[in-house]
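**Student:** Quick one: structure below, then a few questions.
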Amino acid sequence: MRLRGLAVVVSLLLFAPTASAHLVTSGLGPFYDGALHLLLSPADLLGLLAVTLLAGLRGPQAGRWTVLILPGAWFVAGLIGLHAGIGFDLPWLSVAFLLVLGILVALDAKLPAVAVAALAGVFGALQGLANGAALAELGAGSTAMLGIAGSAFVLALLVCAAVVSLRPAWTRIAVRAVGSWVAAVGLLMFGWLSQTA
Numbered sequence: 100m101r102l103r104g105l106a107v108v109v110s111l112l113l114f115a116p117t118a119s120a121h122l123v124t125s126g127l128g129p130f131y132d133g134a135l136h137l138l139l140s141p142a143d144l145l146g147l148l149a150v151t152l153l154a155g156l157r158g159p160q161a162g163r164w165t166v167l168i169l170p171g172a173w174f175v176a177g178l179i180g181l182h183a184g185i186g187f188d189l190p191w192l193s194v195a196f197l198l199v200l201g202i203l204v205a206l207d208a209k210l211p212a213v214a215v216a217a218l219a220g221v222f223g224a225l226q227g228l229a230n231g232a233a234l235a236e237l238g239a240g241s242t243a244m245l246g247i248a249g250s251a252f253v254l255a256l257l258v259c260a261a262v263v264s265l266r267p268a269w270t271r272i273a274v275r276a277v278g279s280w281v282a283a284v285g286l287l288m289f290g291w292l293s294q295t296a
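Remember, this note's numbering sits 99 above the position in the sequence shown when you count from 1.
Here it is, written out as structure tokens:
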């Protein structure tokens, strides 16, 4: 019985498909592969969540500017990373930015809309450079980058709109609690990076 189980495990390992670390191939084309990449990248997704929560807490104007600037910066910087031929993997900077964004949400920092939009632009540019460089290594093109930016736009729009519409005080506290969890994840990622360095 054990020999048969071992034979099944070995055969499953021998015929397993290859795995890609940065780009998910869905079979639906490069645009949707890029869209899925964002949805399956926890660090990118958490940062996007944090910056859009912050924008939503700061009101409609900050939300509108963030929804436009974040995916635009992500796409333009992604194209730069895609065509530069240089690896832009900056894990320490990305994690630091995630931590700062989480803290700002948790504190409900009273930033002006311009400052929130600038933070969104810097975050989008950092992630875009990293994503573009990763796509270049895999031989993917600008269509995949457009998929990532499109997903960022849709998610930013949904989160900002949901948070701006919150009226009861307890809902804003719940958003701030999510920010504290993002900050906690940032701290955990710092610890993990320091152990792997």
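We treat Cβ as the ideally placed atom computed from N, Cα and C, and that holds for glycine.
Nothing here was measured: the structure is a model prediction, and the numbers come from that model.
Identify the continuous alpha helix (DSSP H) that holds proline 170 and give its terminal residues.
**Tutor:** From DSSP, the alpha helix (DSSP H) with proline 170 extends over 159 to 183.
**Student:** Taking the Cβ atom as the reference point for each residue, do alanine 315 and proline 129 lie within a distance shorter than 9 Å?
**Tutor:** Outside the shown range of the chain (100 to 296) lies residue 315, about which nothing can therefore be said.
**Student:** What is the DSSP secondary structure of alanine 120, counted as helix, strand or coil?
**Tutor:** Caution is warranted here: a pLDDT of 48 is assigned to alanine 120, below 50, making its placement in the model unreliable, and no coordinate value can be reported.
**Student:** Can you tell me whether glycine 290 is helix, strand or coil according to DSSP?
**Tutor:** Of the three classes helix, strand and coil, the one that applies to glycine 290 here is helix, per DSSP.
**Student:** Would you mind stating whether valine 221 and threonine 165 have Cβ atoms separated by less than 9 Å?
**Tutor:** No, these two residues do not count as a Cβ contact at 9 Å.
**Student:** Our contact map puts leucine 152 next to glycine 285 with C-beta atoms below 8 Å; I'd like the distance itself, whole angstroms only.
**Tutor:** Not really, about 14 Å apart at Cβ, beyond 8 Å.
**Student:** Output needed for proline 190: all residues of its chain with C-beta closer than 7 Å, excluding positions within five of it in sequence on either side, in chain order.
**Tutor:** Answer for proline 190: Leu292, listed in chain order.
**Student:** Anyone know if the C-beta pair for alanine 239 and aspartate 132 falls short of 9 Å?
**Tutor:** Cβ atoms of alanine 239 and aspartate 132: closer than 9 Å.
**Student:** Do three or more CB pairs link the stretch 230 to 244 to the stretch 254 to 262 at distances below 8 Å?
**Tutor:** No, the stretch 230 to 244 does not touch the stretch 254 to 262.
**Student:** List in chain order: all unbroken beta strand (DSSP E) runs of 3+ residues lying wholly within the stretch 212 to 277.
**Tutor:** Listed in chain order, there is nothing to give.
**Student:** Does the separation of the CB atoms of threonine 227 and valine 175 fall below 9 Å?
**Tutor:** Before going further, note that residue 227 is glycine rather than threonine in the sequence given. Cβ distance < 9 Å, so glycine 227 and valine 175 count as in contact.
**Student:** Take alanine 183 as the anchor and find which of Thr270, Ile202, Glu236 has the nearest alpha-carbon.
**Tutor:** Out of Thr270, Ile202, Glu236, Glu236 has the C-alpha closest to the C-alpha of alanine 183.
**Student:** Could you pull the start and end residues of the alpha helix (DSSP H) that serine 193 belongs to?
**Tutor:** Taken as a continuous stretch (DSSP letters only), the alpha helix (DSSP H) holding serine 193 covers 190 to 206.
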